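Residue numbers (the numbering used here), protein chains in the order written: chain A, -1 to 335; chain B, 171 to 475; chain C, 5 to 265.
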Amino acid sequence: MAGKESTLSHYLRSPTLLIIVFVILGMLVARIMGMSTLDTLMTIMYFMGIALSLNIIMGFAGYVSFGHAVFLGLGGYAYVLLVYFIKPLADLQSLGFGLGAFLVAVLAGLFAAAIAASVGAAVLRLRGAFFAIATIGLDFTALYLMKAIVPELNPEQFFGAQIILPADKIVEKDVVFNAMFLTLIILLAVNYYIRKSPFGVGLTAIKEDEDAAEVLGVPTTMFKIIAFTLAGFFTGMVGALFSLNGGGVDETLFNLGHSIDMIVMIVIGGLGTVLGPIVGSLIYFELYDLLLVHYPGVNLIILGIIVAIVVLFFPEGLIGLLRKYKVKGVRLRDLLE
Amino acid sequence: MDVSILAINLVNGLLWGIILGFAAVGLTLLWGVMKVVNLAQGEVILMGSYVAIILFAQYGLSPLIGGLVALLVGLAAGFLIYWALLHKLVGKVERITLKIEMSTLLAMFALSIALLNFYYYAFGSEPRGFGLWSIGVPFIRVLGTTIRTNILLADALALISVAVIYLFLDRTILGKSIRAVMQDAQAASLVGINPVKIKLLTTILGIGLTVFSGFMVLLFEASVTPEIAHKYAPLSFVVVVLGGLGSVVGSLVAGIIIGIIYGLSKVVVSIFNPRISDPVALSTAFIVLILILLFKPEGIFGRKR
Amino acid sequence: MEDILVVENVTKRFGGLVANNKVSFSMRRGEILGLIGPNGAGKTTLFNVITGVYRPDEGRVIFKGEDITGKPPHVITRKGIAKTHQIVKPFNDMTVLENAMVGALFGKRARQITIGEAKEIAYQSLELVGLAEKSEEFAVKLTLRQKKMLELARALSAEPELLLLDEVLAGLNPKEIEEALEIIKKVKEERDLSIIMIEHVMHAVMNIADRIVVLHFGWKIAEGTPEEVANNPEVITAYLGDPRYALRFVKRKGGEEDGSS
Chain A
-1 MAGKESTLSH YLRSPTLLII VFVILGMLVA RIMGMSTLDT LMTIMYFMGI ALSLNIIMGF
59 AGYVSFGHAV FLGLGGYAYV LLVYFIKPLA DLQSLGFGLG AFLVAVLAGL FAAAIAASVG
119 AAVLRLRGAF FAIATIGLDF TALYLMKAIV PELNPEQFFG AQIILPADKI VEKDVVFNAM
179 FLTLIILLAV NYYIRKSPFG VGLTAIKEDE DAAEVLGVPT TMFKIIAFTL AGFFTGMVGA
239 LFSLNGGGVD ETLFNLGHSI DMIVMIVIGG LGTVLGPIVG SLIYFELYDL LLVHYPGVNL
299 IILGIIVAIV VLFFPEGLIG LLRKYKVKGV RLRDLLE
Chain B
171 MDVSILAINL VNGLLWGIIL GFAAVGLTLL WGVMKVVNLA QGEVILMGSY VAIILFAQYG
231 LSPLIGGLVA LLVGLAAGFL IYWALLHKLV GKVERITLKI EMSTLLAMFA LSIALLNFYY
291 YAFGSEPRGF GLWSIGVPFI RVLGTTIRTN ILLADALALI SVAVIYLFLD RTILGKSIRA
351 VMQDAQAASL VGINPVKIKL LTTILGIGLT VFSGFMVLLF EASVTPEIAH KYAPLSFVVV
411 VLGGLGSVVG SLVAGIIIGI IYGLSKVVVS IFNPRISDPV ALSTAFIVLI LILLFKPEGI
471 FGRKR
Chain C
5 MEDILVVENV TKRFGGLVAN NKVSFSMRRG EILGLIGPNG AGKTTLFNVI TGVYRPDEGR
65 VIFKGEDITG KPPHVITRKG IAKTHQIVKP FNDMTVLENA MVGALFGKRA RQITIGEAKE
125 IAYQSLELVG LAEKSEEFAV KLTLRQKKML ELARALSAEP ELLLLDEVLA GLNPKEIEEA
185 LEIIKKVKEE RDLSIIMIEH VMHAVMNIAD RIVVLHFGWK IAEGTPEEVA NNPEVITAYL
245 GDPRYALRFV KRKGGEEDGS S
C-alpha cells in the first residue's frame, strides 16, 4: 500500500492537473498571440464554464438538472439588473483587469446560488426524477416571472423581458474575457478539489447507490444541496459574464437549448471526472459547428440521435470509456483521474 | 369584480384541465409502472397533433380519422421507443437505482431533442391546425359565453378515453397485471407476471395515449407550434406529481385542479395588471409543484412509498 | 459489563402492517447476537430502525447510553454502528478500494481523516476479509461472495463498535459459509466488535451466536442461548417445526443444508 507522500509531488504527478494547466495556458497564449478571435475564445470558455458547473451536481452526484439554464438566466438577469440600477456597481465593473466585473458576477452568482439552495433544500430530500422535474419547473417559473416582472421595472426602456445595457454601463470585451478566465480557473480548481476530496467520494457514492451511501454515513441530502448550490452559483456567474459580453439579457437565456448544451457536453465527455466536461465541451464546440455547416436544419436531430447512442452504448462517455482500458500495462484510469 | 369574467375563466380552466389531465395519463403510467419519466412528453403529444394535421392538410382526411390514425401511430411509436431506448436500460432490472433512472431520463431527453427539431425542420415554427374545420356549428353559447365545439369534442373524447383506460386497468387481467407491477415489481414477477411483457405493454399504452392526447390538444388550441411542447410537458409533470404516480383518475382530477388554479390566478392577477396575467398564472402551476414536492410528494391520489 | 445496545418497545408500522411490535432486547458489549425468524418477521425492519433508515412509531433505541431514536443514518453511522445489506449494494463503477474508502471517510472518524488515511483503513479492512488483492478491480466485476465480503469490508472501514450483518451468508455454498464464519470470528476478535446478525443459515448462527432473539410476525417470541431458543416450544412451533430438527441444527457443525423457512 502506498504510504503517505508529500502533497506537492502528488499533485505534480497528476496528469489531469497538467492537462488543465495546459488548457488554461493554451487559451492564454491563443489570446495573447491573437490566434483566435476573442469571440471564439469566449464561446469556448462559456461552454467549458457551464459544463464544469453542471458537472458538480450531474457529473459527481449523478443528479441531472434538466432545467439548469435557469441559473444561467438568473445570473444574467441579476448581473444586468444590478449594474443597470445600482450606479456604484456599474462603476465597479471597470476596476482593474476585469476584477470588478468578476466581483459583480460573484454577486449575481450568489443570487443564483440562493435560489438553488432553497429549491434544493425543498426537493433534494426526494430521490431521482423528482429533482429533474423540479428544475425544469423552476426554469419555466423563472422565465414566466421574468416576463411578468421585468417590463414593470422600467416600462419605457425595457422591451418585454429584454434589457439592453447602455454604453456607460458595460465594459470592454477584453475585460470580460479576463473576468471569465478567472471564473474558469476557479471553476477548474473547485472541480479538481471536489474530485480529490472526501466530498467528491461521497457524491460519487450517491451517484452509484444512494441508499448504500446513506447507510455508510454519507450525509446525502446535505451533500446534494451543497453540490447543487455550487452548480447554481457557478452557472450564475457564467451567465452573468455571458450577458455582460453580449451587452444585455433577454428571456432566451432560460431556453432549454442551454440546458441541452450543458448536459450533452457532460454526457459526451463522461460523468464524474474533471476531464470529461473539458473534453466534452471542446468536442461539442466542434461537433456543433460541424453539424450546423454540413447538415443545416437537421443538425439538432442528429445531435439528439448521437446523445441517445452515447447514453445507451457508452454511458460513461469518452473519458469514462478510456478509464477502463490499459495501454502497455499502464492503466489509463491512473492517468485520467 | 365582474362575476361573469370569473365564470368564463373557471369554465375555460375546467375545459382545459380535462385535456391537461388526459395528456398526463400516459406519463403517469410510464412513471408509475416503469419509473421512466418521459422527458419527451411535449414532443410525443405533438406527434399526435402533427399526424392529424398531415392527414388533414395533405390528404384531405377528416380530423376524426386523423385522430384515430394518431392513436395507432402512437401505439407503434410506443413499441419502437421501448425496443430502441428503454429495453436496454430497464427491461431486465428489478431495482431501479438513481443511475438507471438518470439514464432513462437522458435517453428520453435525447428523443425530445431529436423530435422537437424534426418538427421544426418538417413543419416550421408557424402555427398549424385544422383551419375552420369543426363538427356541426363552430360555436355554442354556454352560461353567457361562447365555446368552440371542437373544445367540447376534445373534452368528450378525453373523458371517454380516461374512462376506457380506467376500466381496462381495473377490470381486465392485463390491466390488473400492470397495476400489480406498479405496486410491487418483484412480487408481481414471483406470481408469474412477465415483467418485460408488462413494461413493453405499458410503454405502448403510455406513449399511445400521450400521442392520442395530442389530437385533443390540437382541437383545444386550434393550432400548434413545436414550441407548445414546452408548455404541455412541464404542466404534465405537475399534473402527474399532484395526482400521484400511476393514478389515472388522480391525473384527471389534478389536471382539472391545475386548469382551475390557472383560470383563477389569471382572474386575480388581471385585477392588478392584465398584461402579466398569463405568465404569472402559468408560474403558479409550478409553484404548486414545488409545494406538493415539499409537503405531499406522494400526490393527492398516490400511496405513500 | 455495560449494555452497548438497548432496544426498548420498538413498534414500526407500514400502513396496516405491523412490522415490529413492541420489540425489546438488550445486548452486552462483545456479544454476538443472532436475530432469527421466518421471512417477514420484521428482522430487516428492525435493523433499519436501529440504523435510522426508518423512524419507529413507538419505542427507543439506546446506543452506549445515548438515545439515538430517529437520528438520520449518517449520524448513527458516525456514532459507531455499521450495517451490511441483505441485497448487496456495491458502488459498481468504483474500485473495491474506493468502495471501502467510503466507509472509512464517513464512518466513526468522518471529517477527521484524510484521503490517504482512509485508503489505509480501507486496505486493512480488505485484507481482513481477504479481498486485498482485488482492491484495484471495479466492484462490478466481483463474484457474489466477494461482493458480500466487500459489504463487510465497507462496514468495517467505518470502524464501528456495533456491526449489523443482514444475511451475510445467504447465497453462499457450505465451504464459503465456513470461510465467512471464520472471517466474522476473526474480525470480531481483532476489532473488539459487538455483532448482531440476521441469519437464515440456522446451524451457522446457532454455532456462532452467544444469544439468539427470535422474531415472529413482528413480535419477539423468544430470547436466550442457542440451546434455550432451540428448546423453546413457542419457537419450535412458530419457526423450527419439529423439535428433533431444532436440536440437530444446534449440534451439527457445518452441514450441507440450511434451515431456512
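For every residue, glycine included, the Cβ atom is placed at its ideal position computed from N, Cα and C.
Small disclaimer: the values here were computed from a predicted structure and weren't measured.
Within the segment 152 to 175 of chain A, no residue has its Cβ closer than 8 angstroms to any Cβ of chain B. Closer than 8 angstroms to the CB of G34 of chain C there is not a single CB belonging to chain A. If only uninterrupted alpha helix (DSSP H) runs of at least 4 residues are considered, those enclosed by the segment 339 to 388 of chain B are 343 to 353, 355 to 360. In terms of beta-carbon proximity, E206 of chain A lines the interface with chain C, with at least one pair separated by less than 8 angstroms. Within the DSSP bridge table, the entry for I66 of chain C names C:V10, C:D71 as partners. The C-alpha of T198 of chain B is placed about 29 angstroms away from the C-alpha of A203 of chain A. DSSP lists C:L166 as the bridge partner or partners of S198 of chain C. N364 of chain B and V207 of chain B have their C-alpha atoms some 22 angstroms from each other.
It is roughly 10 angstroms from the alpha-carbon of R59 of chain C to the alpha-carbon of I72 of chain C. Runs of the alpha helix (DSSP H) lying entirely within the segment 384 to 439 of chain B and spanning at least 4 residues, in chain order: 399 to 413. Taking C-alpha positions only, V308 of chain A is separated from M272 of chain B by approximately 13 angstroms. Pairing F240 of chain A with G74 of chain A gives a Cβ-Cβ distance under 8 angstroms. F252 of chain A carries a helical assignment under DSSP once its states are collapsed to helix, strand and coil. With fewer than 16 other CB atoms across the displayed protein chains lying within 10 angstroms of its CB, N13 of chain C is exposed. V272 of chain A sits close to R193 of chain A, with the two beta carbons spaced by under 8 angstroms.
Shown here for A122 of chain C: same chain residues with a beta carbon closer than 7 angstroms to its own, the five before and five after excluded, namely M105, A108, L109 in chain order.
Among the residues of the segment 215 to 227 of chain A, those with a Cβ less than 9 angstroms away from any Cβ of chain C are G215, V216, P217, T218, T219, M220, in the order of the chain. With a threshold of 8 angstroms between beta carbons, G200 of chain A makes contact with chain C. Residues of chain B with a Cβ closer than 7 angstroms to the Cβ of Y75 of chain A do not exist; the shortest Cβ-Cβ separation is about 15 angstroms.
DSSP places E137 of chain C in the helix class (H, G or I) of the three-state scheme.
For the segment 304 to 318 of chain A, the set of residues with a beta-carbon nearer than 7 angstroms to any beta-carbon of chain B comprises V305, A306, V309, L310, P313, in chain order. Residue pairing for E227 of chain C: DSSP places it in a beta bridge opposite C:V217. Annotated as distal: F138 of chain A and G234 of chain A, with beta-carbon spacing of 8 angstroms or more. Across the segment 438 to 469 of chain B, CB contacts with chain A closer than 7 angstroms involve I446, P449, V450, L452, S453, F456, I457, L459, I460, L463, L464, P467, in sequence order along the chain. Of all residues in the segment 267 to 294 of chain B, only T267, L268, K269, E271, M272, S273, L275, L276, A277, F279, A280, L281, I283, A284, N287, F288, Y291 place a beta-carbon less than 7 angstroms from a beta-carbon of chain A.
T88 of chain C and E102 of chain C have their alpha carbons spaced roughly 17 angstroms apart. Within the same chain, and ignoring the five residues on either side of L214 of chain A in sequence, the residues whose Cβ sits closer than 8 angstroms to its Cβ are A203. For F69 of chain A against A114 of chain A, the beta-carbon gap comes to about 6 angstroms, under 8 angstroms, which counts as contact. Residue-level contact check: V408 of chain B touches chain A, since one or more beta carbons of chain A fall below 8 angstroms from its beta carbon. Fewer than three beta-carbon pairs drawn from the segment 123 to 134 of chain C and the segment 63 to 79 of chain C are found closer than 8 angstroms, and the two stretches are therefore not classed as touching. Here the C-alpha atom of P444 of chain B lies approximately 42 angstroms from the C-alpha atom of F175 of chain A.
Between F283 of chain A and T35 of chain A, the gap from beta carbon to beta carbon reaches 8 angstroms or more. Distance between V332 of chain B and G183 of chain B, taken at the CA atoms: about 18 angstroms.
Between A222 of chain B and P233 of chain B, the CB-CB gap stays under 8 angstroms. Residues of the segment 145 to 172 of chain C with a C-beta atom less than 7 angstroms from some C-beta of chain A are R158, A162, listed in chain order. Only K194 from the segment 182 to 194 of chain A bring a Cβ to less than 9 angstroms from some Cβ of chain C.
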